[in-house]
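The numbering used here applies: residue 281 is where the sequence shown begins, and numbers increase by one. Using N, Cα and C, we set each Cβ at its ideal position, and we do this for glycine too. Below is one structure, written out as structure tokens, with a few remarks after it.
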Amino acid sequence: MSQHYDLIIFDFDGVVADSELLANTLLAEHLTSLGRPTTVDDSIRLFMGKRAEDIAALALEWVGRTDIENFSEAYRNYSKPRMWAEVNPVSGVDAFLSQSAHMPRCVASSSRIQWIDHNVDKFGFRGHFGTNLFSATEVKNGKPAPDIFLLAASRMGIEPKRCLVLEDSPAGVMGARAAGMTAVGFIGGSHMLHQARRDDHKARLEAAGTNSIAESYIDVAKFIGLA
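This is the structure in structure tokens:
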């Protein structure tokens with residue numbers, strides 16, 4: 281057991297699944313097709329880390345349209361074939377999960393449980409996480425509210441102050457800190473390879489209150505004293 285933390289809580293997209301670049305590329309394309317030109321950086325800045333229903337509300341405000349019904353379903357139908365087929369694990373996560381196998385861990389994600397389950401099995405990570413997979417669809421408020429993190433800690437039987445959260449979004453960092461947990465801002469996904477985007481996102485994570493920035497899982501291991 282780590283001398284500092286009794287539970288590692290992983291966000292999923294961008295922390296376990298290297299999905300953010302593709303997801304935000306497809307979302308930007310979809311929003312552009314609805315009449316509002318949108319870049320990948322716009323999508324990352326506005327929507328990353330949030331639940332589908334929260335993204336839908338923000339997206340309709342962004343495109344300035346009120347005549348679109350079932351936005352989440354339409355985007356899911358547009359993006360699902362490529363997302364489910366093409367997404368792979370974040371670089372280094374497999375080795376880190378093995379290295380930290382003595383530490384309890386779980387997932388607390390804004391994504392739907394079907395997506396999380398699919399990829400946990402696809403990546404061969406069921407032995408690492410079991411059924412300790414928690415979706416913000418289970419709680420009243422999505423990130424940046426602390427609800428999903430408090431649910432995860434409660435289900436795992438760990439006090440919030442003993443939890444370390446790995447998050448790649450400002451909304452997630454804010455939620456983790458609001459829950460009374462330590463938050464590491466993770467920028468090791470492929471969506472952060474672009475230098476200007478990484479620098480901007482790092483500043484946003486720091487403004488959100490992250491306790492530390494990790495550019496890779498090597499940095500995460502160092503932070504918890506495993507390296």
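>> Taking only three categories from DSSP, how would you classify residue 369?
In response: The three-state reading of DSSP puts residue 369 in strand, counting E and B together.
>> According to DSSP, residue 353 sits in a beta bridge with which residue or residues?
In response: For residue 353, DSSP records no beta bridge to any residue.
>> Can you tell me which residues form a DSSP beta bridge with residue 493?
In response: Bridge partners of residue 493: 465.
>> Could you tell me which whole alpha helix (DSSP H) segments of length 4 or greater appear in the segment 398–471?
In response: The qualifying runs are 406–409, 427–436, 450–458.
> Taking three-plus beta-carbon pairs below 8 Å as touching, is the segment 396–406 in contact with the segment 420–438?
Replying inline: At 8 Å Cβ cutoff, the stretches do not touch.
> Is the distance from the Cβ of residue 352 to the Cβ of residue 337 below 7 Å?
Replying inline: No, Cβ-Cβ distance for residue 352 and residue 337 is not below 7 Å.
> Where does residue 296 fall in DSSP's three states?
Replying inline: Correct three-state label for residue 296: coil.
>> Quick test of the definition: if touching needs 3 or more C-beta pairs under 8 Å, does the segment 376–384 touch the segment 476–488?
In response: With a cut-off of 8 Å, the segment 476–488 and the segment 376–384 do not count as touching, because too few Cβ pairs lie within range.
> Which value, in whole angstroms, describes the spacing of the CA atoms of residue 281 and residue 452?
Replying inline: Only weak support is given to the placement of residue 281: the predicted model assigns it a pLDDT of 39, under 50, and the question is left unresolved by the model.
>> Using the Cβ count rule (16 or more neighbours within 10 Å means buried), how would you classify residue 371?
In response: Label assigned to residue 371: exposed.
> If you count every other CB in all the chains shown that lies within 10 Å of the CB of residue 378, and 16 or more means buried, which is it?
Replying inline: Exposed, by the Cβ-count rule.
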